[in-house]
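Worksheet for the structure shown next.
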Amino acid sequence: MIRIKNALYLAISLLAFSCKDEIAEPVSGFQGLSYPDYFPKPHYQFVNNKLTEAGHSLGRELFFDPILSSDSSISCGSCHSQPHAFSDHNGAFSVGVNQKKGDRNAPPIFNLAWSPNFMWDGGVNHLEIMPLSPIINPLEMNETISNVLVKLNRHSGYKQKFKSAFGKEIIDDQMLFYALTQYQGTIVSAGSRYDAMRKGEISFTTDEQAGYQLYQTHCSNCHTEPLFTDFTYRNNGIDTNFTDLGRGRITQNTADNGKFKVPSLRNIELTYPYMHDGRFFTIDMVLDHYSEGIKSSATIDGSLSKNKNFSQVEKKQIITFLYSLTDYTLLSNRFYARPK
7 MIRIKNALYL AISLLAFSCK DEIAEPVSGF QGLSYPDYFP KPHYQFVNNK LTEAGHSLGR
67 ELFFDPILSS DSSISCGSCH SQPHAFSDHN GAFSVGVNQK KGDRNAPPIF NLAWSPNFMW
127 DGGVNHLEIM PLSPIINPLE MNETISNVLV KLNRHSGYKQ KFKSAFGKEI IDDQMLFYAL
187 TQYQGTIVSA GSRYDAMRKG EISFTTDEQA GYQLYQTHCS NCHTEPLFTD FTYRNNGIDT
247 NFTDLGRGRI TQNTADNGKF KVPSLRNIEL TYPYMHDGRF FTIDMVLDHY SEGIKSSATI
307 DGSLSKNKNF SQVEKKQIIT FLYSLTDYTL LSNRFYARPK
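Encoded structure:
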């Protein structure tokens, strides 16, 4: 009986999507992957996935379309919101299909082309297959790739756009992931006050400069300029016992237990709450942790073996600098925006 109901629900869903063939027009003038000359060379080069306006437009459409979820209730954009620098809407855990909550905080997804691996534990090692994880996760989109492809192939609007982007009549999984990669891989955050300072367009205020110096002394070892992450996995002293093993869950090496990917500090003003489980809701709480609350354990990072003991003035200066990393142009960039 359950199988019959599921089959009936799928048939109704497919019929609904086959009738909804409207699809947004591309945003003209797309410039591809653009970044400042002080950025390093991207890890992902679009070598086998030729970056085109048609492919990017298609990926943008798919990113915001709930067709990728099993009950058509959420899209990638549901948990990665442009007004929040492509993080979730300031909740510790995202809500997936059937109102199920995730078990880790949704990270922002800008500057992905520079990342060699993905997720808090690095369990995904290629940008092109990164979307697979949320699509098939029962706590997130709870769908199968085969079902997604059936829905897309029955949607005349998508068939036309896939053909325009990739020249094929039948949509396959490679085309799906190529399109999503063309959109997500070109979301670049490089328009903050920090970036204007690097370009010589402005000078930092006194407090920004003092905070910048404090960052360079205490934070740059892990949050390396100009991307403000070194893409490593570290135990930053938030726990002594690990209910989530982090990187250790992937490597099965106890030396990696409690280690999580170092997040970028870019747009940190907008991407709260912080840490893999969203336990800290303010930057002040994060600085209090590093200043007075570091917990020692067997895998603690060597640079965090003792508390930083920041003064209140130093905390204020660090926060002032961190605010200089907010990229307001990212929040309004029409090439990243939800299709109308």
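Per the working numbering, the sequence shown starts with residue 7, numbered consecutively.
No residue lacks a Cβ here, since even glycine has one placed at the ideal position from N, Cα and C.
This one's a predicted model, so the numbers in the text were calculated from it and none came from an experiment.
Where the alpha helix (DSSP H) through Glu214 begins and ends: Thr212 to His224
Secondary structure of Tyr239, DSSP reduced to three states: strand
Classification of Ala261 by the beta-carbon crowding that lies within 10 angstroms, buried from 16 upward: exposed
Option nearest Glu275 by Cα separation, candidates Lys107, Phe237, Ser76 and Ile325: Ile325
contact_flag[the stretch 277–289, the stretch 94–102] where n(CB pairs < 8 Å) is 3 or more: yes
Collapsed DSSP secondary structure at Lys107 in the structure displayed: strand
Exposure label - Gly128; buried when at least 16 CB within 10 Å: buried
Lys267, DSSP secondary structure in three states: strand
Per DSSP, cross-strand counterpart(s) of Ser5: Nothing about residue 5 can be read from this structure; the chain reaches only from 7 to 346.
Nearest-angstrom beta carbon gap, Leu331 and Tyr200 [assumed within contact, 8 Å]: 5 Å
N- and C-terminal bounds of the alpha helix (DSSP H) containing Tyr184: Asp179 to Gln190
Where Phe124 sits in the DSSP three-state scheme: strand
Presumed contact (8 Å Cβ cut-off) between Arg110 and His282, rounded CB distance: 5 Å
Cα-Cα separation between Gly252 and Lys106, rounded to whole angstroms: 21 Å
Same chain only: Cβ atoms within 6 Å of Glu214, ignoring 5 sequence neighbours per side: Thr326, Phe327 and Ser330
Inter-residue Cα distance where the pair is Thr246 and Gln323: 30 Å
Assigned exposure category for Asp27 - 16 Cβ within 10 Å defines buried: For Asp27, the predicted model reports a pLDDT of 39, less than 50, meaning its position is unreliable and no value from the coordinates is stated.
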